[in-house]
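Here the protein sequences line up with chains S and Z, keeping their order. With this note's numbering applied, the first sequence corresponds to residues 1 to 359, in that order. With this note's numbering applied, the second sequence corresponds to residues 360 to 508, in that order. Backbone N, C-alpha and C define an ideal beta-carbon position, used for all residues, glycine too.
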Amino acid sequence: MNTRSNRFRRWRVLWLIPVAVLAALSIVATGGSGGGGDNGGDVEAPLVILPNYNFFLGNLNNGAPLTVAVGDEFTVTVDFDGLLAGNLDLNVGVGNTVTFLSYLLYTNHSFDLTVTSAEGSPLDGTFAINFTDDIVATVGDAPTSGTFTVVTAIETVTVTILADGVQLALNGGVPIDYTWDEFTNLLDDELIEPWQRRASLAGGAVEFIIVQFFNVADILDELELVTLNNPFVETCDMFTVAPPDGVLAQGEITVTWLGSGELSDGDDFTWQFTQCWDQDDEELFNGTVTLQDYTESVDFNTGVLFDIGFGGLGAGAPGGVIFDFTISETVEDQDGAWTIPAGGVITISGGFVLNIQRP
Amino acid sequence: MLLLATLLLATGIVVYALDRGGGVYFLYGWTAAPAKTPIFGPLGDHLPTFLHTLVFILITAAVLRPWPRLIPGICGAWFVIECLFELGQITPFDGQLAAAMPAWFEGIPVLEITTDYFIRGTYDPLDILSIGLAAVIAYPLVHVCLQGD
Chain S
1 MNTRSNRFRR WRVLWLIPVA VLAALSIVAT GGSGGGGDNG GDVEAPLVIL
51 PNYNFFLGNL NNGAPLTVAV GDEFTVTVDF DGLLAGNLDL NVGVGNTVTF
101 LSYLLYTNHS FDLTVTSAEG SPLDGTFAIN FTDDIVATVG DAPTSGTFTV
151 VTAIETVTVT ILADGVQLAL NGGVPIDYTW DEFTNLLDDE LIEPWQRRAS
201 LAGGAVEFII VQFFNVADIL DELELVTLNN PFVETCDMFT VAPPDGVLAQ
251 GEITVTWLGS GELSDGDDFT WQFTQCWDQD DEELFNGTVT LQDYTESVDF
301 NTGVLFDIGF GGLGAGAPGG VIFDFTISET VEDQDGAWTI PAGGVITISG
351 GFVLNIQRP
Chain Z
360 MLLLATLLLA TGIVVYALDR GGGVYFLYGW TAAPAKTPIF GPLGDHLPTF
410 LHTLVFILIT AAVLRPWPRL IPGICGAWFV IECLFELGQI TPFDGQLAAA
460 MPAWFEGIPV LEITTDYFIR GTYDPLDILS IGLAAVIAYP LVHVCLQGD
């Protein structure tokens, strides 16, 4: 009898498995309201966009990493270490139009850059960029504070952002001050030591990622409009004098929604740039950015936007922002005609997942 | 012990339903607005964490009853488990954990918000304190319950 009773007690230990599962699930289930915007019931509360959100960028789960080929010079591949996280301040105008005001990149996040060049370069190899102090910036301007390190197997460069430039220090040595322009130009100066050029490249990569993030984030509030005017076509700036050879005098941008019914989770968009010239930046955009697997969650009680983006953050989740895209520098020659200089074309491929979430 | 655990669990649910307006996944569909004056006061911020730890210590002790020597281990184990979930909300672990969640979680009830739990959840040292307090209180409480058996 005792033996049977003891055996029964031992078997009771197996009950701990469902207990543990129940505990884990109940912890997770106390998280924020789930469900997409289409799960909100019969009466849909007006969408409320908060003045502050976090944002996350990560590698595509089912696609190539973000890769940038700069002319024939070199190729840079970005590998996010988990998720790159930041925070946004924004202004919400009439009709929920959003203007991004400022942002920061959170400390303790990092990504790797791998540089390859056809002819070999001292910059070739893989190095890590670690944010060691929050990077703070106004949208459209250079950052005003923060620190990141550029780490190779043999050296650590600390890049400290100042009010009007940066300070570089190799392995904790004597810092060197640069203005932003000087810092940017270090990359192309072959007389400068590789660690400084690498730091310049890292700074350029951070800026590039942020620019691409805001390019996509900027159209999120227009997607509803696209679903009502599908495809949505917008003309670009016009070359008032001769455009580069083979380039249209005026290109266009076409955003096409690949869904039907109402805008909902999982929808895809294509963002087609047909020789679209930006007169201010003197750049020509061509190619496609595919916006895969739209995601949006709204608090069903308050109508507050919880998160929005493209692609899932979990491992293996589909979707994201996928580039097949070129940016060409345009230069006006002495005769007033525009040309694209040799080596002036940047090719972007691969992509990232993007998610903006309530803090 | 199971009856006590059930009562405590129900109290935790009431906190979410009344003081927080049901703005959590497991109360999806509960549309009451959060109470203007929280019924549980500032305690309501950490009471669910405290109760959750206490409840699962009681359930585990009930399952393993009557082995009193296991009680410290049970309390310690739940303290660690609950703390790990809380610490998982700290940056940068939150992002790394969220990125490690498998895609098949999507569409599965509860599991589908695991990513949200880590990223949207806010780490609070007072929650760790609540967990610790629950683990400490649970020890004599389970003893008393076992003696009552």
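- So is residue 441 of chain Z buried or exposed if we call it buried at 16+ other beta carbons inside 10 Å? Flag for residue 441 of chain Z reads buried.
- Assuming residue 347 of chain S contacts residue 330 of chain S under a Cβ cut-off of 8 Å, what Cβ separation, rounded to an integer in Å, is found between them? Contact annotation, residue 347 of chain S with residue 330 of chain S: C-beta distance approximately 16 Å; criterion of less than 8 Å not satisfied.
- Task: Mark residue 195 of chain S as exposed unless 16 or more other C-beta atoms lie within 10 angstroms of its C-beta, in which case mark it buried.
- Result: buried
- Would residue 458 of chain Z pass as a contact of residue 63 of chain S if the rule is Cβ separation under 7 Å? no
- Query: In chain order, what residues of the same chain have a beta carbon less than 7 Å from the beta carbon of residue 345 of chain S, not counting five sequence neighbours either side?
  - Reply: 71, 326, 328
- Task: For the segment 253-318 of chain S, list the beta strand (DSSP E) runs that are entirely contained and at least 3 residues long, ordered along the chain.
- Result: 269-278, 283-292, 294-298, 305-310
- Query: Which first and last residues belong to the alpha helix (DSSP H) in which residue 459 of chain Z is found?
  - Reply: 452-459
- Task: Count the CB pairs spanning the segment 66-84 of chain S and the segment 92-101 of chain S that are closer than 8 Å, and state whether there are at least three.
- Result: No contact exists between the segment 66-84 of chain S and the segment 92-101 of chain S.
- Closest Cα partner of residue 12 of chain S within the set Z/424, Z/409, Z/505, Z/485: Z/424
- Message: By the DSSP assignment, the alpha helix (DSSP H) with residue 355 of chain S in it spans what residues?
- Response: Careful: residue 355 of chain S lies outside any alpha helix (DSSP H), inside the beta strand (DSSP E) at 345-357.
- Item | chain S within 7 Å of residue 418 of chain Z, Cβ atoms only | At least one chain S Cβ lies under 7 Å of residue 418 of chain Z.
- Task: Closer than 9 Å by beta-carbon distance: list the chain Z residues that pair up with residue 12 of chain S, in chain order.
- Result: 422, 423, 424
- Task: Kindly indicate if chain Z contains any beta-carbon less than 7 Å away from that of residue 108 of chain S.
- Result: yes
- Message: As a quick exercise: from S/158, S/266, S/265, pick the residue whose alpha carbon is nearest that of residue 133 of chain S.
- Response: S/158
- Query: Closest to residue 287 of chain S by CA distance: which of S/298, S/275, S/164 is it?
  - Reply: S/275
- Whole-angstrom distance between residue 312 of chain S and residue 438 of chain Z, CA atom to CA atom: 31 Å
- Report yes or no: is there a C-beta of chain Z within less than 7 Å of the C-beta of residue 64 of chain S? no
- Distance, residue 110 of chain S Cα to residue 151 of chain S Cα: 11 Å
- Compare the Cα-Cα distances from residue 28 of chain S to each of Z/496, Z/506, Z/470 and report the closest residue. Z/470
- Run through DSSP, which three-state label would residue 39 of chain S get? Confidence is the limiting factor: at residue 39 of chain S the pLDDT is only 31, short of 50, which leaves the residue's position unreliable, though a coordinate-based value still follows. Per DSSP, reduced to three states, the secondary structure at residue 39 of chain S is helical.
- How many Å lie between residue 374 of chain Z and residue 403 of chain Z at the Cα? 6 Å
- Message: Using only the alpha-carbon positions, how far apart do residue 138 of chain S and residue 316 of chain S sit?
- Response: 34 Å
- Determine the burial state of residue 405 of chain Z: buried for a count of at least 16 other Cβ atoms within 10 Å of its Cβ, exposed for fewer. Around the CB of residue 405 of chain Z, 16 or more other CB atoms lie within 10 Å, so the residue is classed as buried.
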